[in-house]
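Below is one structure, written out as structure tokens; comments come after it.
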Amino acid sequence: MLLLRFIVLCLLLATTAVSALAASPEAAAPPPEKKIEFVEYDLASGLHVILHQNHSAPVIATYVLYHVGSKDERPDRTGFAHFFEHLMFEGSENIPRGRVDKLISGAGGNLNASTSFDFTDYHFNLPSNQLALWIESERMLHTKVDETGVKTQRQVVKEERRREVENRPYGTFFENFAAMVFVIGNRESCRPSRRLDQTSKESAFTSSMRQKGFREATRILPRLPL
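Converting from the sequence shown to the numbering used here requires adding 558 to each position, the first position being numbered 1.
Pasting the structure below:
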């Protein structure tokens, strides 16, 4: 009996709350749209910048995007875009190998990177008095890769594929699914064949759908010409 009374009381309270919300025009009104203000400009080097300023906290976030990814690889050499992403953390002429992670974590920040079909990105979150852009400039201009770095990152890349693709029941699903798309073809395929290769290069992901590469292709990573 007590349980029944408790249930009835809960239902009454819920009904009252819903009625109050329905009767309030303020509660029904959608929240005002908040626009993020930013500016865009190009540096003399050709780097395109999108800048947003928010001074609510003394931190800075940098996101550097390169317009290159797995679609730019040869079909028999997949995984190289992802491999190069890892090599870019190996250090530079002015930053010793393994020092980038220590600089960021020592300042209380974090960093990461990723490789997709048509872009590779690197991002930092740091206190605003740290030199995130200096680290990125070192990556762009003075990256230094040696045999030790190649061997180290080769094993890291292979392990990532084993962990994220091969050891998951659904790991190869997307790769196999992507290989079957555009069975009927698309509008560009109906145009003169001399344009097909260029169209595929510019707008399709036909070169490689494997961001982390496949096992056969990653075997050639040790023979990467430096």
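We put the beta carbon where it would ideally sit given N, CA and C, even for glycine.
Review point. Is the beta carbon of M646 less than 7 Å from the beta carbon of R697?
Key: Contact flag set, yes.
Review point. So what does D679 bridge to, in DSSP terms?
Key: L623, S672
Check your understanding: Is E694 near the ligand GDP, going by C-beta to nearest heavy atom under 6 Å?
Key -> For the structure depicted, the ligand GDP is absent and the ligand set is empty, with no information on it obtainable.
Review point. By Cβ distance below 8 Å, which residues in the same chain neighbour N652 in space, the five residues on each side in sequence not counted?
Key: Setting aside the 5 residues that flank it on each side, N652 is surrounded in the same chain by E696, H700, each with a C-beta closer than 8 Å to its C-beta; the list follows chain order.
Practice item. Can you tell me which of E648, D676, S603 puts its alpha carbon nearest to the alpha carbon of Y624? Key: D676
Check your understanding: Taking only runs of the alpha helix (DSSP H) that begin and end inside the segment 623 to 665, which ones reach a length of at least 4 residues, in chain order?
Key -> Runs of the alpha helix (DSSP H) lying entirely within the segment 623 to 665, each at least 4 residues long, are 638 to 645, 657 to 664 in chain order.
Check your understanding: What span of residues does the alpha helix (DSSP H) with H700 cover, start to end?
Key -> 690 to 700
Check your understanding: Between P616 and S686, is the Cβ-Cβ spacing less than 7 Å?
Key -> yes
Check your understanding: For L609, which option in A619, S603, A602 has the closest C-alpha, if you only look at C-alpha atoms?
Key -> A619
Review point. If you draw a straight line from the alpha carbon of L669 to that of Q713, how long is it in whole angstroms?
Key: 21 Å
Check your understanding: Going by other Cβ atoms of all chains shown within 10 Å of its Cβ, with 16 needed for buried, is F682 buried or exposed?
Key -> buried
**Study point:** Enclosing alpha helix (DSSP H) for V597 [first to last residue]
**Key:** Not the alpha helix (DSSP H): V597 falls in the beta strand (DSSP E), residues 597 to 600.
Exercise for review: Determine the contact status of H644 and Q688, defining contact as a CB-CB distance below 7 Å.
Suggested key: In this structure, Q688 does not lie closer than 7 Å to H644 by Cβ.
Exercise for review: Assign K629 to buried or exposed, taking buried as 16 or more other Cβ atoms, counted over all protein chains shown, within 10 Å of its Cβ.
Suggested key: buried
Review point. Where does S751 land, buried or exposed, given buried means 16+ other C-beta within 10 angstroms?
Key: Model confidence at S751 stands at a pLDDT of 49, short of 50, so the residue's coordinates are unreliable; what they give is reported in the following sentence. With fewer than 16 other Cβ atoms within 10 Å, it is exposed.
Practice item. Put V715 into one of helix, strand or coil per three-state DSSP. Key: helix
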